[in-house]
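Residue numbers (our numbering): 12 to 255. Glycine is no exception: its CB is placed at the ideal position from the N, C-alpha and C atoms.
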């Protein structure tokens, strides 16, 4: 039986230590090939912590699409995922600016909504908590090309009255002293439903690039949960990986 350890005397929260442990495990070939990850109950007993702490760490990686949990079977490493570390990442405003592409905002809506179970687990907040939801429809002169839906952790301090036409992460850092340090992303292809068809001005069933992003501060705490829907005929997502 494999032996796992964490440092109970460390200032690093236990759930973050378990998260790091799981990230190391999924790099092991046996787990990448389908071996079940340690049972949550057994792992909690071995580490001397609660099962909820293990579940919180596991949920984080499930939402990042690095792990897949199957009821009655167990948890395995997600297949066909690209796990990479990027040299830098930018807000959409800066991305378009560096590319020399002018864009416009077709719609920006900021509302307070009650956090669903997924958001409560990701942000580790209580039931009935409200979070700020920001929906931005952006594009070029010929029409909208991307829909962003963001949810922000209440600790950030956003009110919903901010000027969201400015670069988001610059504003968070300068006004709210919240630094967006790490972006953890999952990318997949989906087909446009009726809502996406209307907003992106494409046909139902047209291909859409779907990006799920969890943005964290330097301490690894989630500050934003972002869903991005890109017209596949307008965007190509490229990744540059340098060999060590």
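Short of 7 Å from the beta carbon of residue 116, and not among the five residues preceding or following it, lie these beta carbons of its own chain, in chain order: 147, 149 and 176. Three or more pairs of CB atoms, one per stretch, sit closer than 8 Å, so the stretch 238-246 contacts the stretch 152-166.
A straight-line Cα-Cα distance of about 40 Å links residue 16 and residue 201. Secondary-structure assignment with DSSP links residue 155 through a beta bridge to 150.
The stretch 203-223 and the stretch 121-133 do not touch, with fewer than 3 CB-CB distances between them shorter than 8 Å.
In the same chain as residue 114, and ignoring 5 residues on each side of it, the C-beta atoms closer than 7 Å to its own belong to 107, 149, 150 and 151, in chain order.
Per DSSP, reduced to three states, the secondary structure at residue 66 is helical.
Approximately 11 Å separates the beta-carbon atoms of residue 77 and residue 68; this is outside 8 Å, ruling out the contact.
Burial is judged here by how many other beta carbons sit within 10 angstroms of a residue's own beta carbon; residue 229 has fewer than 16 and is exposed.
Here residue 40 is exposed, its C-beta having fewer than 16 other C-beta atoms within 10 Å. Residue 215 and residue 85 have their C-alpha atoms spaced approximately 36 Å apart. Look at residue 226 here: in three-state DSSP terms it is strand. The C-alpha of residue 246 lies about 31 Å from the C-alpha of residue 80.
The C-beta distance from residue 71 to residue 30 rounds to 6 Å, short enough to fall under 8 Å. Collapsing the DSSP output to three states places residue 137 in coil. In this structure, 231 is the residue among 173, 231, 141 and 224 with its C-alpha nearest to the C-alpha of residue 190. Proximity to residue 83 across 186, 47, 54 and 217 peaks at 47, based on C-alpha coordinates. With a 10 Å radius around the Cβ and a threshold of 16 neighbouring Cβ atoms, residue 75 comes out buried. The shortest C-alpha to C-alpha distance from residue 14 to any of 49, 178, 24 and 120 is the one to 49. When DSSP states are grouped into helix, strand and coil, residue 71 belongs to the helix group. Our two residues, residue 141 and residue 225, have alpha carbons roughly 18 Å apart in a direct line.
DSSP links residue 60 through a beta bridge to no other residue.
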